[in-house]
Amino acid sequence: MSRFQGGPRRLLLSADVKGYGQEDERSQFDIQRALVRILDEAAEAVGFDRTAWIRQGAGDGELAILPDGVSEAKVVDDYVAELQAVLERHNHRVRTEHWLRLRLAVHFGTAHPADNGYAGHGVVLVSRLVDSDPLRQALIAAPESCLAVILSEQVYTDTVLQRLTKLSPKEFRQVAVEKKERQVTAWLRVPGANTHALDLGATASVPVAPVPESAARPAPAGIVLNGPVHAPGSVFGVGTVNNHGVPR
Numbered sequence: 029m030s031r032f033q034g035g036p037r038r039l040l041l042s043a044d045v046k047g048y049g050q051e052d053e054r055s056q057f058d059i060q061r062a063l064v065r066i067l068d069e070a071a072e073a074v075g076f077d078r079t080a081w082i083r084q085g086a087g088d089g090e091l092a093i094l095p096d097g098v099s100e101a102k103v104v105d106d107y108v109a110e111l112q113a114v115l116e117r118h119n120h121r122v123r124t125e126h127w128l129r130l131r132l133a134v135h136f137g138t139a140h141p142a143d144n145g146y147a148g149h150g151v152v153l154v155s156r157l158v159d160s161d162p163l164r165q166a167l168i169a170a171p172e173s174c175l176a177v178i179l180s181e182q183v184y185t186d187t188v189l190q191r192l193t194k195l196s197p198k199e200f201r202q203v204a205v206e207k208k209e210r211q212v213t214a215w216l217r218v219p220g221a222n223t224h225a226l227d228l229g230a231t232a233s234v235p236v237a238p239v240p241e242s243a244a245r246p247a248p249a250g251i252v253l254n255g256p257v258h259a260p261g262s263v264f265g266v267g268t269v270n271n272h273g274v275p276r
């Protein structure tokens with residue numbers, strides 16, 4: 029029997045639409061069509077070829093595994109900014125109650141093809157992040173916003189703290205995410221809103237002040253997660269990423 033090698037490490041995106049399950053069937057059809065178009069338009073605007081992404085749809089969401097050479101920093105900065113812009117243009121044409129509001133999680137971790145989708149700790153974590161209470165509560169607490177983004181600790185450290193994006197660490201809020209058997213730290217941002225002023229409830233509390241821009245920036249931390257994890261129904265984006273010119 030050959031030894032199981034586990035999956036490669038990839039940049040993973042998981043997107044999910046707020047309130048999809050409360051819509052009627054016709055609206056769900058329209059939301060699915062709009063979601064794919066919005067994700068495509070945002071990617072095209074920053075030069076990403078989504079036909080090269082491994083994408084797993086789930087009605088109101090998508091898991092994407094990105095290919096080699098896609099910059100983590102460009103995803104966190106430019107892609108998110110363009111996604112916000114495309115969402116705002118879409119929502120400008122519809123009534124407020126029909127706005128498409130999106131949660132997005134970004135992580136770099138393991139993903140491996142399995143019999144019913146993709147397995148790997150990376151896939152599991154990005155799916156937990158997009159479905160986490162702090163991210164869900166952020167869109168509830170910011171009714172004028174159409175996008176809330178959560179970064180894993182690793183992605184935040186390797187991009188924002190290393191000053192590889194135009195984003196300030198002050199724009200992000202450290203939150204606690206329950207991952208069944210343990211709690212993990214992640215970084216939340218709601219573009220256009222004061223993320224630190226949002227009421228995220230007690231479950232999100234992490235008593236840590238915002239990181240000042242002058243704070244010491246740790247070296248990128250590699251997180252190695254071993255062992256197969258089955259995650260049916262998740263939405264992935266996988267790719268071998270040379271994040272910012274630094275080999276992993």
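Mapping of the sequence shown onto this note's numbering: residues 29 to 276, in sequence order. C-beta: ideal position from N, C-alpha, C; glycine also.
### Query
Do the segment 171 to 190 and the segment 216 to 227 touch if we need at least three Cβ pairs shorter than 8 angstroms?
yes
### Query
Are there three or more Cβ pairs, one per stretch, closer than 8 angstroms when the segment 34 to 45 is compared with the segment 87 to 106?
yes
### Message
For the structure I just gave you, are there three or more beta carbon pairs, one from the segment 181 to 194 and one from the segment 103 to 115, closer than 8 angstroms?
### Response
yes
### Query
So what's residue 137 in DSSP terms, helix, strand or just coil?
strand
### Message
Pull the bridge partners of residue 91 from the DSSP assignment, please.
### Response
42 and 84
### Query
Which one of 152, 99 and 164 has the shortest CA to CA distance from residue 130?
164
### Task
Using only alpha-carbon positions, find the residue among 226, 68 and 135 that is nearest to residue 10.
Shown here, the chain extends from 29 to 276; a query on residue 10 therefore has no answer.
### Task
Excluding the 5 residues preceding and the 5 following residue 243 in the sequence, name in chain order all residues of the same chain whose CB lies nearer than 6 angstroms to its CB.
Any answer about residue 243 is weak, because its pLDDT of 46 lies below 50 and its placement is not dependable; what the coordinates show is given next. Cβ neighbours of residue 243 beyond the five flanking positions: none.
### Message
Using the Cβ count rule (16 or more neighbours within 10 Å means buried), how would you classify residue 211?
### Response
exposed
### Message
Please list the terminal residues of the continuous beta strand (DSSP E) segment that includes residue 205.
### Response
201 to 207
### Task
Classify residue 189 as helix, strand or coil using the three-state DSSP reduction.
coil
### Task
Could you work out which residue in 101, 116, 99 and 55 is closest to residue 67 when comparing CA atoms only?
116
### Message
What would DSSP say about residue 226, mapped onto helix, strand or coil?
### Response
coil
### Message
Between 86, 213, 230 and 186, which has its C-alpha nearest residue 100's C-alpha?
### Response
186
### Within 8 angstroms, strictly: CB atoms of residue 48 and residue 88
yes
### Task
Identify, in the order they occur along the chain, each residue of the same chain with its Cβ nearer than 8 angstroms to the Cβ of residue 127, setting aside the five sequence neighbours on each side.
119 and 174
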